[in-house]
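In this note's numbering, the protein residues as written are 29 to 528.
1. Over what stretch of residues does the beta strand (DSSP E) that includes residue 383 continue unbroken?
2. Taking 9 Å as the threshold (C-beta atoms), are residue 113 and residue 141 in contact?
3. Would you say the region 186 to 194 touches the region 120 to 135, given that touching needs at least three Cβ pairs under 8 Å?
4. Do you know how far the Cα of residue 161 is from the Cα of residue 489?
5. Is residue 459 helix, strand or coil by DSSP?
6. Considering only residues of the region 109 to 189, which uninterrupted alpha helix (DSSP H) runs meet the minimum length of 4 residues and lie entirely inside it, listed in chain order?
7. Let me make sure I understand the geometry here. Which of 97, 258 and 232 has the alpha-carbon closest to that of residue 246?
8. What residue range does the beta strand (DSSP E) around residue 33 cover?
9. Report the CB separation of residue 220 from residue 106 in whole angstroms; it is logged as a contact under 8 Å.
10. DSSP puts residue 316 in a beta bridge; with which residues?
11. Going by DSSP, what residue range makes up the alpha helix (DSSP H) through residue 200?
12. Taking the C-alpha atoms as reference points, what is the distance between residue 461 and residue 255?
13. Tell me which same chain residues have a C-beta within less than 6 Å of the C-beta of residue 198, skipping the five on either side of it?
14. Considering only their Cβ atoms, is the gap separating residue 378 from residue 272 smaller than 9 Å?
15. In angstroms, rounded to a whole number, what distance separates the CA positions of residue 120 and residue 151?
16. For the alpha helix (DSSP H) holding residue 349, just list the boundary residues, first then last.
17. For the region 295 to 302 against the region 84 to 103, do three or more pairs of beta-carbon atoms, one drawn from each stretch, fall closer than 8 Å, so that the two count as touching?
18. Considering just the uninterrupted stretch of the beta strand (DSSP E) at residue 419, what are its terminal residues?
19. Between 432, 32 and 29, which lies nearest to residue 243 when the distance is taken from Cα to Cα?
20. What residues match up with residue 12 in a beta bridge as DSSP calls it?
21. Can you tell me the Cβ-Cβ gap for residue 314 and residue 412, rounded? I've got them flagged as a contact below 8 Å.
22. Just the Cα atoms here: how many angstroms apart are residue 134 and residue 168?
23. Round the Cβ separation of residue 454 and residue 308 to the nearest angstrom and send it over; I've been treating them as touching at under 8 Å.
24. Please return the same chain residues whose Cβ sits closer than 7 Å to the Cβ of residue 203, not counting the five positions on each side in sequence.
25. My output table needs one value for residue 220: the three-state DSSP class, helix, strand or coil.
26. Who are the near neighbours of residue 430 in its chain, counting only those whose CB is closer than 6 Å to its CB and skipping five residues on each side?
27. What do you get for residue 459, buried or exposed, if any count of 16 or more other CB atoms within 10 angstroms of its CB means buried?
28. Out of curiosity, what's the CA-to-CA distance linking residue 472 and residue 456?
29. Thinking C-alpha only, which one of 293, 439 and 451 is nearest residue 252?
30. Please say whether residue 425 and residue 32 have beta carbons closer to each other than 9 Å?
31. Who are the near neighbours of residue 208 in its chain, counting only those whose CB is closer than 6 Å to its CB and skipping five residues on each side?
32. Please report how far the alpha carbon of residue 329 lies from the alpha carbon of residue 268, in whole angstroms.
33. Tell me residue 326's beta-bridge partners as DSSP assigns them.
34. So what does residue 276 bridge to, in DSSP terms?
35. Which term fits residue 139, buried or exposed, when burial requires 16 or more other beta carbons within 10 angstroms of its beta carbon?
36. Excluding the 5 residues preceding and the 5 following residue 210 in the sequence, name in chain order all residues of the same chain whose CB lies nearer than 8 Å to its CB.
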């Protein structure tokens, strides 16, 4: 099975220091080379010093992220919590679904219950996977339910699972292609030893990271963002967005906000996406939101540009909507409020600086940027990218990850060009609130030829164990679920034909 862990290496720390010094030297060289008079030198010095100080602040903050050490008493308290995993499924590849379900049964700390909701999939009924899972879960002593419901969207699928797990203390959300590392459940619970922690984000890496270079670069960019930006936010208890493939919440955070969660609208349109960032916002209103870098999850990344661009547009539109809600609902007393404001200020200033250097300086002041200036972003990118090498995977050698790390210039160019255009296009079209993917089935399938990802063996037939029932909801070790046909306030909302 797949496994991964974070390794804090002194080599990586020294590499960051060396590249920081190199970046500082190159910045100074660019300023001197660019300056032809005192006025120009003053202009550029302010620009570069400001950006470099922001980079140093980011570096300082993400190194402050710490994982608490548990006492025996705290460990016993965490072991006593009922952990329920919510698994919404829609047009997922059966191979990825089964791989993820098997990972739940190989945890060092087993979940207490797992609830799968098939949200009206049109590409298959998952009969074989369901039969295997129900037997395997019963054999492992994990309570489970498998519901087949009319399509209502990912949030409604999660709500179905919440309603049949009223005993849960912690809800662990994931995607249908999530595959947890063997210690993911145990590690993601650790920050909850602090009573003020309301949600915990895990680290997401690509299962199919060697499918092609698009996936490699996406994995590099995504992991670095988590271990740089989000680690810095976690240091002050203000993680902005938990990743959907693995995140944990105190149960009350979800239960108490279920109505608004299912009925979010923006500009009079129902919002189908950005579910993870909305749950994070609910948690921010109650306490701390942190990251646990030791809780790692594998997930399938887009292998085609069309799939990736739709996913990224969805993220940017969701980020824009969520920014409005943060400014409206977050208290200025929360660090998350000011981190959010600083992020927007940084983004706007970065755009202004780019326009200034590439347009204003050449055409107004007749000064072309020196070629040495182009080295700076790549050095900074390589420095931050060293965090990518701190994740050790069971299915990949360190030299293979180093090859991906060397592709950092490709990730930077992509961020400067296509992703920048998609970001602003997403901001301007944030009123388009549909999901946009998986309408015609799974877009990424498990490659069974990859030897490192082994399909699980069929569950053994248990002597005297009856065949699992084939009703729409089958449960083991649980009471019969309650239904809400008349009083369910979200019944009308589920009539939507939108897919997620």
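Idealized CB from N, CA, C, for every residue including glycine.
So, from the listed chains and residues:
1. In the chain shown, the residue the question calls residue 383 occupies position 355. Where residue 383 is concerned, there is no enclosing beta strand (DSSP E), although the alpha helix (DSSP H) it sits in stretches over 363 to 383.
2. To locate residue 141, count along the chain shown from 1; it is residue 113. To locate residue 113, count along the chain shown from 1; it is residue 85. Contact: yes.
3. no
4. Taking the chain shown and counting its residues from 1, one reaches residue 489 at position 461. Taking the chain shown and counting its residues from 1, one reaches residue 161 at position 133. Confidence in residue 489 is poor, its pLDDT being 39 and thus under 50, which makes the residue's placement unreliable; the coordinate value appears in the next sentence. Taking the straight line from one Cα to the other gives about 12 Å.
5. Counting from 1 along the chain shown, the entry for residue 459 is found at position 431. In this structure, residue 459 counts as coil in the three-state DSSP scheme.
6. 122 to 132 and 155 to 168
7. Position 218 of the chain shown, counted from the start, is the residue given in the question as residue 246. Ranking the options by Cα distance to residue 246, first place goes to 232.
8. In the chain shown, counting from the first residue as 1, residue 33 sits at position 5. Unbroken beta strand (DSSP E) run through residue 33: 32 to 34.
9. Here the question's residue 220 lines up with position 192 in the chain shown. Here the question's residue 106 lines up with position 78 in the chain shown. Confirmed, Cβ separation roughly 6 Å.
10. Position 288 of the chain shown, counted from the first residue, corresponds to residue 316. Answer by DSSP bridge pairing, in chain order: 225.
11. The sequence position of residue 200 within the chain shown is 172, counting from 1. Where residue 200 is concerned, there is no enclosing alpha helix (DSSP H), although the beta strand (DSSP E) it sits in stretches over 198 to 201.
12. On the chain shown, residue 461 is found 433 positions in, with the first residue counted as 1. On the chain shown, residue 255 is found 227 positions in, with the first residue counted as 1. Answer to the nearest angstrom: the Cα atoms are 29 Å apart.
13. Taking the first residue of the chain shown as 1, we reach residue 198 at position 170. Excluding sequence neighbours, residue 198 sits near 109, 111 and 276.
14. Taking the first residue of the chain shown as 1, we reach residue 272 at position 244. Taking the first residue of the chain shown as 1, we reach residue 378 at position 350. Not in contact: residue 272 and residue 378 (Cβ atoms no closer than 9 Å).
15. Within the chain shown, the letter at position 92 stands for residue 120. Within the chain shown, the letter at position 123 stands for residue 151. Distance between the alpha carbons of residue 120 and residue 151: 8 Å.
16. The residue given as residue 349 occupies position 321 in the chain shown. 333 to 357 is the extent of the alpha helix (DSSP H) around residue 349.
17. no
18. Counted from its first residue, the chain shown places residue 419 at position 391. Start and end: 419 to 421.
19. If you number the chain shown from 1, residue 243 lands on position 215. The shortest C-alpha separation from residue 243 is found at 432.
20. Limits of the chain in this structure are 29 at one end and 528 at the other, which puts residue 12 out of reach.
21. Here the question's residue 314 lines up with position 286 in the chain shown. Here the question's residue 412 lines up with position 384 in the chain shown. Not a contact, Cβ separation roughly 31 Å.
22. As a first step, residue 134 is located in the chain shown; it is residue number 106 there, counting from the start. As a first step, residue 168 is located in the chain shown; it is residue number 140 there, counting from the start. Cα to Cα, residue 134 sits roughly 10 Å from residue 168.
23. Here residue 454 refers to the residue found at position 426 of the chain shown. Here residue 308 refers to the residue found at position 280 of the chain shown. Contact flag wrong, Cβ pair sits at about 19 Å.
24. Taking the chain shown and counting its residues from 1, one reaches residue 203 at position 175. Closer than 7 Å at the Cβ level, and outside the excluded window around residue 203, lie 272, 273 and 327.
25. Counting from 1 along the chain shown, the entry for residue 220 is found at position 192. In this structure, residue 220 counts as helix in the three-state DSSP scheme.
26. Stepping through the chain shown from its first residue, residue 430 is reached at position 402. Cβ neighbours of residue 430 beyond the five flanking positions: none.
27. Residue mapping note: residue 459 aligns to position 431 of the chain shown, counting from 1. Label assigned to residue 459: exposed.
28. As a first step, residue 472 must be located in the chain shown, where it is residue number 444. As a first step, residue 456 must be located in the chain shown, where it is residue number 428. Distance between the alpha carbons of residue 472 and residue 456: 29 Å.
29. The sequence position of residue 252 within the chain shown is 224, counting from 1. Nearest C-alpha to residue 252: 439.
30. Counted from its first residue, the chain shown places residue 32 at position 4. Counted from its first residue, the chain shown places residue 425 at position 397. Going by C-beta atoms, residue 32 is not nearer than 9 Å to residue 425.
31. To locate residue 208, count along the chain shown from 1; it is residue 180. 131 and 325, listed in sequence order.
32. Counting from 1 along the chain shown, the entry for residue 329 is found at position 301. Counting from 1 along the chain shown, the entry for residue 268 is found at position 240. Cα-Cα distance, rounded: 21 Å.
33. Mapped onto the chain shown, residue 326 falls at position 298. Looking at the DSSP assignment, residue 326 forms a beta bridge with 207 and 233.
34. On the chain shown, position 248 is the one that residue 276 refers to. In DSSP, residue 276 forms a bridge with 200 and 228.
35. Here residue 139 refers to the residue found at position 111 when the chain shown is read from its first residue. By the 10 Å Cβ count, residue 139 comes out buried.
36. Working through the chain shown from its first residue, we reach residue 210 at position 182. The answer, listed in chain order, is 29, 31, 131, 134, 135 and 136.
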